[in-house]
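Colleague: For the numbering used here, add 672 to where a residue sits in the sequence shown, where the first one is 1.
Provided herewith is a single structure, encoded as structure tokens, for subsequent inquiry.
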Amino acid sequence: MSTILINGISTPLGAAVGEALGARPAVRLLGVASHLPALPYGQAELLTAQLSGQQLCTLLRAEAVDTVVHLDVIGDDHSPASRETAVRRNVLGTMEVLGACAAAGVRRVVVRSHALVYGAQPGNPALIEEHWPVAHDGISGIIRDYAEVDSFVSEFAHRQPEMLLLTLRCAPLSSGTFARYVRQPTPRTVFGFDPRVQLLALADAVSAFVAAVEAQQGGVYNIAADPLTLSQAIRLAGHQPLPVPEPLFGLSSFLGGPWTLGDFPFDRGFLKYSCVVDTTRARSALGWQPTVASADALALASDGAGPGDELARAEMALNAFLQKKSGLKIQDSEGGVHRTPL
């Protein structure tokens, strides 16, 4: 019998992971959350409290927990009350959790990170592998929190070789803050740029964490679906991108007005340069692979689509698929469809 504790079971991802793990045989599941989950979380025994590191250590020892899944991160699903609150919860909170796990003798810890910690740089490779360095410049907000957490976890793993530590660098969830950006009436983009982006369906994120709980090899794993362009993502959400000259963004940051980014949750560099991760290691070592393409995940998560919108999204999804598979795209001509080279 394995005893697994999910820290942050009240988050959408935490609740979904709880449901999946709770349905597995020979698993006893505990959940810790600062408030009651709004979503079903399976058969977990729930403790509603914001525990200190020492209190968490006491709980881990008393319940003989052998695996901890740390998902208590704020900023992915909604904006935090303040940056100070986010840093305290995301960065310092993770440090406390890892310290408690080490003191309690927990054998395995799975930590959520983000695929964008590599940063948006013009020199990024087409597919970024896990050994590529985490960015320290050009990132802020939740991505900087994840980068700091990622670096700390890496150092911690070297100091605690007896603990199996896994870091899952997940692409933005198709139902998270990035999805709210593309669902704006006219999402702003940077004129002359159309970077590739990756998304992750909630179900695929859940299956990655379930696989990590059973993995025999620690380390860092990229978790993402296939890429599509930013403009494709916006159109799949039922809207049209509004390209804006980059100098106007800087001006609007001081003056406000119609050219601001609105709900774009990341740094402006991600509107210019691709940050696309290679998931080969997760596929081979974890046996994980996405079942929902980025285009499909975004289309399924979109709200209130009418028949015309569905047809347009289907065309965009088909274009994205064909571009990936054969370098061809579908064009509509006088009611007919034909292929043209890209």
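Even glycine gets a Cβ: it sits at the ideal position worked out from N, Cα and C.
Name the one or two DSSP bridge partners that Thr675 has.
Modeller: The residue labelled residue 675 in the question sits at position 3 within the sequence shown. According to DSSP, Thr675 bridges with Arg700.
Colleague: In the structure shown, what three-state DSSP assignment does His742 receive?
Modeller: Start at 1 with the first residue of the sequence shown, and residue 742 comes out as number 70. If DSSP states are grouped into helix, strand and coil, His742 belongs with the strands.
Colleague: Among Ala736, Tyr853, Val825, which one has its Cα closest to the Cα of Phe942?
Modeller: Against the sequence shown, residue 942 aligns to sequence position 270. Closest option to Phe942, Cα to Cα, is Tyr853.
Colleague: Measure the alpha-carbon distance for Lys691 versus Pro937 and round it to whole angstroms.
Modeller: Here residue 691 is taken as the residue at index 19 of the sequence shown, counted from 1. Here residue 937 is taken as the residue at index 265 of the sequence shown, counted from 1. Here the sequence assigns Glu to residue 691, which means Lys is not the residue at that position. Looking at the two C-alpha atoms, the distance is approximately 28 Å.
Colleague: Counting C-beta neighbours from all protein chains within 10 Å, is the total for Pro919 16 or more, i.e. buried, or is it exposed?
Modeller: One-based indexing of the sequence shown puts residue 919 at position 247. Its Cβ having fewer than 16 others within 10 Å, Pro919 is exposed.
Colleague: Rounded to a whole number of angstroms, what is the C-alpha to C-alpha distance between Tyr790 and Asp738?
Modeller: Within the sequence shown, numbered from 1, the residue matching residue 790 stands at position 118. Within the sequence shown, numbered from 1, the residue matching residue 738 stands at position 66. Using only the alpha carbons, I get a separation of about 31 Å.
Colleague: Identify the continuous alpha helix (DSSP H) that holds Cys729 and give its terminal residues.
Modeller: Numbered from its first residue, the sequence shown carries residue 729 at position 57. Start and end: 725-734.
Colleague: Can you tell which of Arg831, Leu677, Ala792 has its C-alpha closest to the C-alpha of Glu717?
Modeller: Counting from 1 along the sequence shown, the entry for residue 717 is found at position 45. Among Arg831, Leu677, Ala792, the Cα nearest to that of Glu717 belongs to Leu677.
Colleague: For a quick check, are the C-beta atoms of Ser966 and Pro899 less than 8 Å apart?
Modeller: Counting from one through the sequence shown, the residue named residue 966 turns up at place 294. Counting from one through the sequence shown, the residue named residue 899 turns up at place 227. Contact: yes.
Colleague: Can you tell me where the beta strand (DSSP E) holding Cys842 begins and where it ends?
Modeller: Looking up residue 842 in the sequence shown gives position 170. Counted as a single uninterrupted DSSP element, the beta strand (DSSP E) harbouring Cys842 occupies residues 836-842.
Colleague: Going by other Cβ atoms of all chains shown within 10 Å of its Cβ, with 16 needed for buried, is His786 buried or exposed?
Modeller: Residue numbering aside, residue 786 sits at position 114 when the sequence shown is read from its first letter. Taking every protein chain shown into account, the CB of His786 has 16 or more other CB atoms within 10 angstroms, so this residue is buried.
Colleague: Should the stretch 877-887 be called in touch with the stretch 956-966, which here means at least 3 C-beta pairs below 8 Å?
Modeller: The stretch 877-887 is in contact with the stretch 956-966.
Colleague: I'd like to check one pair, Val699 with Leu708: are the Cβ atoms closer than 8 Å?
Modeller: For the purposes of this step, residue 708 is taken as the residue at position 36 of the sequence shown. For the purposes of this step, residue 699 is taken as the residue at position 27 of the sequence shown. Cβ atoms of Leu708 and Val699: not closer than 8 Å.
Colleague: Using a Cβ-Cβ cut-off of 7 Å (strictly less than) and excluding sequence neighbours within five positions of Cys729, which residues of its own chain qualify?
Modeller: As a working note, residue 729 is residue 57 in the sequence shown. Answer for Cys729: Ala772, Ala775, Ala776, listed in chain order.
Colleague: Is DSSP giving Gly690 helix, strand or coil here?
Modeller: For the purposes of this step, residue 690 is taken as the residue at position 18 of the sequence shown. Looking at Gly690 - three-state DSSP - the assignment turns out to be helix.
Colleague: Note down the Cα distance separating Tyr1015 from Phe863, rounded to an integer number of angstroms.
Modeller: Nothing about residue 1015 can be read from this structure; the chain reaches only from 673 to 1014.
Colleague: Tell me Arg940's beta-bridge partners as DSSP assigns them.
Modeller: Locating residue 940 in the sequence shown gives position 268, counting from the first residue. Arg940 pairs with nothing; no bridge assigned.
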